[in-house]
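In what follows, a structure is listed as structure tokens, so that the remarks can point back to it.
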Amino acid sequence: MCSVIFQRPPSAPLLSYASKRAISATLGITVLEDKIYKKVIVKVLKKTIKVWSRRDSKLKGDCRVSQRHIRLIKSPAVVVDHNTNLGADITNWAVSDPGNIFCHIEKPYLKNQTREPAMAVCIDNINIFARFDAIAAQLEDCPK
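Under the working numbering, think of the first position of the sequence shown as 22, with each following residue one higher.
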């Protein structure tokens with residue numbers, strides 16, 4: 022399954038929330054417009070997500086809703102015997118917990134993400150998921 026998730030720009034009040042799925046046995050595509058991390062990805066997947074993304078000091082992980090947390094991956098991290106950190110990596114991605122879903126997200130996990138349009142592509146594939154889930158092994162603690 023592949024999902025494409027969009028966030029609508031807040032300055033366009035006439036746009037409405039939309040969900041579209043392609044009619045295909047091999048590839049389902051979901052298009053959603055709303056807040057990208059908490060209001061869309063976690064809600065659509067109905068699972069906790071582990072996020073690797075540049076972030077500001079204002080927005081922390083979110084562990085308030087059981088089984089639908091946003092957990093932040095610790096930086097630095099190891100990618101196939103190579104150390105990387107959020108300052109050197111411009112990608113924004115998440116993996117589901119549990120599950121086999123990998124999502125690439127267009128916008129970083131910042132406070133202003135709710136005011137800008139964004140898109141995510143989520144793929145349900147064990148091979149892709151396994152590579153990124155290994156990077157996501159070390160998580161920051163939930164905020165208190």
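Every residue gets a Cβ at the ideal spot worked out from N, C-alpha and C, and that includes glycine.
I think residue i touches residue j, with their Cβ atoms under 8 Å apart; what is that distance to the nearest whole Å?
{"i": "Ile126", "j": "Ile57", "result": "6 Å"}
{"i": "Ile91", "j": "Ile70", "result": "6 Å"}
{"i": "Ile62", "j": "Ala115", "result": "6 Å"}
{"i": "Asn106", "j": "Ser74", "result": "At roughly 12 Å, the Cβ-Cβ gap does not stay under 8 Å, so Asn106 and Ser74 are not in contact."}
How is residue i classed by DSSP in three states: helix, strand or coil?
{"i": "Asn121", "result": "coil"}
{"i": "Glu156", "result": "Correcting the residue identity first, residue 156 is Ile in this sequence and not Glu. DSSP places Ile156 in helix when its eight states are reduced to three."}
{"i": "Asn104", "result": "strand"}
{"i": "Ile144", "result": "strand"}
{"i": "Ala109", "result": "coil"}
Which word fits residue i, buried or exposed, when buried means at least 16 other C-beta atoms lie within 10 angstroms of its C-beta?
{"i": "Gln134", "result": "buried"}
How many angstroms separate the CA atom of residue i from the CA atom of residue j?
{"i": "Ile149", "j": "Ser96", "result": "21 Å"}
{"i": "Lys68", "j": "Arg76", "result": "21 Å"}
{"i": "Gly82", "j": "Cys163", "result": "6 Å"}
{"i": "Arg85", "j": "Glu161", "result": "15 Å"}
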